[in-house]
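Below is one structure, written out as structure tokens; the observations come after it.
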Amino acid sequence: GTYVDLWNATENSTNVVFAQLAVDVGPENIVEAAHAMGVQAPLDAVPSITLGVEEVSTLDMATGFGTLANDGIHCDPYAVARVEQPKEDGGWERLYRHKRHCKQAIDPDIAHLVTAMLERVVCCGTGTVADDGMGRPVAGKTGTAQDYTNVYFAGYTPQVATAVWVGFPEGQKPMNAYYGQSVFGGTLAAPIWNAFMRRATAGMPVEGFEAPPRPESGRVPDVIGLMVEDAERALAKANFTPLTEMVSSSEPKGTVLGQAPRGGATMELGSAVKLEVSNGKGEPVLVPRVVGLRKVTAVQALTKVGLVAVVQTTEVKDQALVDRVVSQVPHGNKEVDVGTEVTIWIGVAAPGGGGGGGGGGGPPNVVGRRPV
Numbered sequence: 023g024t025y026v027d028l029w030n031a032t033e034n035s036t037n038v039v040f041a042q043l044a045v046d047v048g049p050e051n052i053v054e055a056a057h058a059m060g061v062q063a064p065l066d067a068v069p070s071i072t073l074g075v076e077e078v079s080t081l082d083m084a085t086g087f088g089t090l091a092n093d094g095i096h097c098d099p100y101a102v103a104r105v106e107q108p109k110e111d112g113g114w115e116r117l118y119r120h121k122r123h124c125k126q127a128i129d130p131d132i133a134h135l136v137t138a139m140l141e142r143v144v145c146c147g148t149g150t151v152a153d154d155g156m157g158r159p160v161a162g163k164t165g166t167a168q169d170y171t172n173v174y175f176a177g178y179t180p181q182v183a184t185a186v187w188v189g190f191p192e193g194q195k196p197m198n199a200y201y202g203q204s205v206f207g208g209t210l211a212a213p214i215w216n217a218f219m220r221r222a223t224a225g226m227p228v229e230g231f232e233a234p235p236r237p238e239s240g241r242v243p244d245v246i247g248l249m250v251e252d253a254e255r256a257l258a259k260a261n262f263t264p265l266t267e268m269v270s271s272s273e274p275k276g277t278v279l280g281q282a283p284r285g286g287a288t289m290e291l292g293s294a295v296k297l298e299v300s301n302g303k304g305e306p307v308l309v310p311r312v313v314g315l316r317k318v319t320a321v322q323a324l325t326k327v328g329l330v331a332v333v334q335t336t337e338v339k340d341q342a343l344v345d346r347v348v349s350q351v352p353h354g355n356k357e358v359d360v361g362t363e364v365t366i367w368i369g370v371a372a373p374g375g376g377g378g379g380g381g382g383g384g385p386p387n388v389v390g391r392r393p394v
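Counting with the numbering used here, you get residues 23 to 394 for the letters of the sequence shown.
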């Protein structure tokens with residue numbers, strides 16, 4: 023399978039990933055989070071919600087992205103901050119002042135993590151036009167509706183959040199015919215956002231976003247020898263993503279023959295672990311005994327029967343063993359599958375004629391077989 027994490031999916035607007043994400047987390051939870059962050063429009067809890075099928079006002083978009091800029095705190099939008107009138111004796115009399123209504127909508131760490139992901143959209147993905155000449159940290163996201171009827175760019179600095187929508191006010195009309203070419207949020211809405219935000223933030227101090235939390239890591243379980251269903255469950259329980267590949271093997275169908283990275287390795291949670299799984303149709307062969315042969319001859323003998331030679335070296339005292347195989351794993355005459363790795367140790371002269379046999383290292387940790 024293909025592995026795409028949310029960082030790359032966000033940066034490149036990979037829709038299929040977000041459609042799957044909606045199924046995984048539940049559309050109802052997406053609706054709840056959107057409303058908490060400031061979206062006022064009613065939303066249908068359908069899996070395609072992450073692809074922009076619901077109509078949301080531009081104000082709602084700006085408010086929702088403002089929640090991310092504000093450390094996850096949502097404040098109700100307002101138009102009038104205060105109303106004042108001049109006094110007869112000078113000064114100003116305040117007639118009205120808006121009272122802000124704010125609440126923590128999402129966890130600050132989540133807001134900071136999403137911001138870091140949206141910074142990559144602007145620096146390196148579909149929204150690079152928005153960063154032109156800004157000279158300050160910017161985060162944002164492009165959006166393009168099907169048939170090019172609507173395009174969006176919503177983004178923010180630590181001080182200002184802005185959303186730009188481009189479309190026909192009378193309804194869902196494709197814009198590609200009007201512009202003579204396909205239009206996207208990154209090519210049409212992002213330049214407008216950029217032109218406005220450069221003016222809006224002029225004179226504001228340059229501020230950085232809060233750093234996202236450090237990713238959690240965990241130990242990869244060893245699943246070699248398990249059936250693939252059990253291996254996938256074990257990896258999912260440990261918060262890793264299994265990716266399976268069927269390989270030719272005479273082992274029972276569905277048996278995990280190898281994994282990368284190997285069991286015991288430490289990786290960021292959510293990372294992919296590749297599994298080589300038997301198709302049950304492999305062709306077994308006998309490992310030739312190559313101890314005592316020269317390296318080239320030994321490698322040729324192993325390759326000829328469809329095995330993979332892994333060459334290691336080890337220091338030897340006896341000059342007659344230099345450039346010859348001194349040991350092998352698996353041993354000769356053992357029945358294995360085509361494509362199995364066979365590690366051979368080749369003798370090398372010890373520095374200055376000294377040194378003990380086997381001082382050049384032990385056998386590697388062979389994690390599995392790979393097909394020819």
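Every residue, glycine too, gets a C-beta built ideally from N, C-alpha and C.
In this structure, how does DSSP classify D98 when only helix, strand and coil are distinguished? coil
Does the separation of the CB atoms of M59 and H96 fall below 7 Å? yes
Spatial neighbours of I214 in its chain, beta-carbon cut-off 6 Å, leaving aside the 5 residues before and after: V186
Between E77 and the rest of its own chain, which residues show a CB-CB distance below 7 Å, the 5 nearest in sequence each way excluded? A63
In or out: A320 buried (at least 16 other Cβ within 10 Å) or exposed? buried
DSSP puts K296 in a beta bridge; with which residues? For K296, which the question treats as bridged, DSSP gives the partners L265, A282.
Between the CA atoms of G48 and Q126 - distance to the nearest angstrom: 22 Å
Excluding the 5 residues preceding and the 5 following A287 in the sequence, name in chain order all residues of the same chain whose CB lies nearer than 7 Å to its CB. Close CB contacts of A287 within its chain, under the 7 Å cut and outside five residues either way in sequence, are with V242 (chain order).
Where Y100 falls, given that 16 or more other Cβ within 10 Å makes a residue buried: exposed
Are E298 and V344 close, meaning C-beta to C-beta below 7 Å? Judged by beta-carbon spacing, V344 lies beyond the 7 Å limit of E298, meaning their Cβ atoms are not closer than that value.
For G162, write down the residues that DSSP places opposite it in a beta bridge. G177
Below 8 Å, how does it come out for the stretch 367-374 and the stretch 326-344: are there three or more Cβ pairs, yes or no? At 8 Å Cβ cutoff, the stretches touch.
Exposed or buried, what is T80 when buried is set at 16 or more other beta-carbons lying within 10 Å of its beta-carbon? exposed
Starting from the C-beta of N34, find all residues in its chain whose C-beta is less than 7 Å away, skip the five residues before and the five after it, and write them out in chain order. G147, T148
Output the distance between the C-alpha atoms of L210 and N261, rounded to the nearest integer angstrom. Between L210 and N261, the C-alpha separation is close to 39 Å.
Leaving out five residues before and five after C145 in sequence, what residues of the same chain have Cβ atoms less than 7 Å from its Cβ? D153
For G208, count neighbouring C-beta atoms within 10 Å of its own C-beta (all shown protein chains included) and say buried if the count is 16 or more, exposed if not. Residue environment for G208: buried (at least 16 other C-beta atoms within 10 angstroms of its C-beta).
Put D169 into one of helix, strand or coil per three-state DSSP. helix
Count the other C-beta atoms from every protein chain shown that fall within 10 angstroms of the C-beta of P237, then say buried if there are 16 or more, exposed otherwise. exposed
Quick one: Cα of P180 to Cα of L279, how far? 50 Å
Just to confirm, are V309 and V358 a CB contact at a threshold of 7 Å? yes
Should V307 be counted as a contact of the ligand PLP given a C-beta to heavy atom distance under 6 Å? The model on display carries no ligand, and the ligand PLP is accordingly not part of it.
Name, in chain order, the residues that DSSP records as bridge partners for D345. Partner(s): none; D345 has no beta bridge.
Among H134, H57, Q42, nearest to P235 - alpha-carbon criterion: Each of H134, H57, Q42 was checked against the Cα of P235, and the nearest Cα belongs to H134.
Could you name the residues that DSSP lists as bridge partners for R104? R119
Rounding to the nearest angstrom, what Cα-Cα distance links T32 and L265 in this structure? 21 Å
Member of P130, G165, A103 whose CA lies at the smallest distance from the CA of F40: G165
Beta-carbon proximity of A212 to V182, cut-off 7 Å: With contacts defined as CB atoms closer than 7 Å, A212 and V182 fail to qualify as a contacting pair.
Determine which residues share a DSSP beta bridge with A185 and list them. A176
Using DSSP's beta-bridge definition, name the partner residues of I214. Note: I214 sits in no beta bridge, so no partner.
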